[in-house]
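> Numbering-wise (our numbering), the sequence shown opens with residue 9 and increments by one.
Ideal Cβ positions, reconstructed from N, Cα and C, are used throughout, including at glycine.
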Amino acid sequence: MKIIKMNPNNPDEKSIHKAIDVLFSGGVILYPTDTVYGLGANVFNQDALNRIYKIKNRNFHKPLSVSVSSINELLLIAEVKMEHWDLITNKLPGPFTFVLYKTPVIPDNYVSKSKKIGVRIPNSKIAMELSQIFPITSTSANLSSKETLKTPKKIAKQLNADVDLAIDVGSLDSKKASTVADLTRKDVKILRQGAGIIQ
Numbered sequence: 009m010k011i012i013k014m015n016p017n018n019p020d021e022k023s024i025h026k027a028i029d030v031l032f033s034g035g036v037i038l039y040p041t042d043t044v045y046g047l048g049a050n051v052f053n054q055d056a057l058n059r060i061y062k063i064k065n066r067n068f069h070k071p072l073s074v075s076v077s078s079i080n081e082l083l084l085i086a087e088v089k090m091e092h093w094d095l096i097t098n099k100l101p102g103p104f105t106f107v108l109y110k111t112p113v114i115p116d117n118y119v120s121k122s123k124k125i126g127v128r129i130p131n132s133k134i135a136m137e138l139s140q141i142f143p144i145t146s147t148s149a150n151l152s153s154k155e156t157l158k159t160p161k162k163i164a165k166q167l168n169a170d171v172d173l174a175i176d177v178g179s180l181d182s183k184k185a186s187t188v189a190d191l192t193r194k195d196v197k198i199l200r201q202g203a204g205i206i207q
């Protein structure tokens, strides 16, 4: 596993492009978000998605959330109800995963076995730049049911270093992952209370 140290507030463009090349070629990366470290893969590469499941020892029937870099990109892969528009645009970028209905851009069974998809825009320059060309997975970098550790070295040890590249910004001290909210219904339903607050 190659490790690239990076300033989260001033990402090195050459290093970002190297990471995107890894993603494009079907690789898996470890990268920082605004909450915890995540595992990233190109969502249009089924082999890469399968690697994520195997690395995490995750049930293949459980969905993977997706990270994009802007609201416009979110609208390409997910449908947003008018009554939820203000919520999404006010909370993103931020520590939220919104469950929405997929658009046909996401192939059947990719990322999620259902018609729904969890979408994030982390408030992280690195995460947004990594997903500027294509959406990437945004699942926590941990073995399923285990704690997400704070540093790439500790995470790599837990995952047996089965990752192609890691972007290291030091310790991420957030004790919570993103808040997950289901917006496929009229009323907002909180599926997981995390770092983000919805009044």
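Can you name the start and end residues of the alpha helix (DSSP H) that Arg59 belongs to?
Its alpha helix (DSSP H) spans residues Gln54 to Lys64.
> Considering only the beta carbon of each residue, do His127 and Ala86 sit closer than 8 Å?
It is Val, not His, that sits at residue 127 in the sequence shown. Yes. Within cutoff.
> Who are Tyr45's beta bridge partners in DSSP?
Pro40
> In this structure, does DSSP put Ala185 in helix, strand or coil?
Here Ala185 sits in coil by DSSP.
> Please classify Gly178 as buried or exposed, where buried requires at least 16 other C-beta atoms within 10 Å of its C-beta.
exposed
> Which residue wins for smallest C-alpha separation from Lys110, given the options Thr192, Ala185 and Ile175?
For Lys110, the nearest C-alpha among the options comes from Thr192.
> Grouping DSSP H, G and I as helix and E and B as strand, with all else coil, what is Ala149?
Ala149: coil per DSSP, three-state reduction.
> Closer than 7 Å by C-beta to Ser148: which residues in its own chain qualify, once you throw out the five before and the five after it? Chain order, please.
Val44, Gly46, Thr156 and Ala185
> Report the residue ranges of all beta strand (DSSP E) runs contained in full by the stretch 75–134; include only those spanning at least 3 residues, in chain order.
104–110 and 124–128
> Using C-beta distances below 6 Å, list every residue in its chain close to Leu84, excluding the 5 sequence neighbours before and after it, in chain order.
Val113
> Measuring only the C-alpha atoms, how far is Asp195 from Lys162?
39 Å
> Over the uninterrupted alpha helix (DSSP H) stretch that includes Leu199, give me the two end residues.
Where Leu199 is concerned, there is no enclosing alpha helix (DSSP H), although the beta strand (DSSP E) it sits in stretches over Lys197 to Arg200.
> Cβ atoms of Leu138 and Ile24: under 8 Å apart, would you say?
yes
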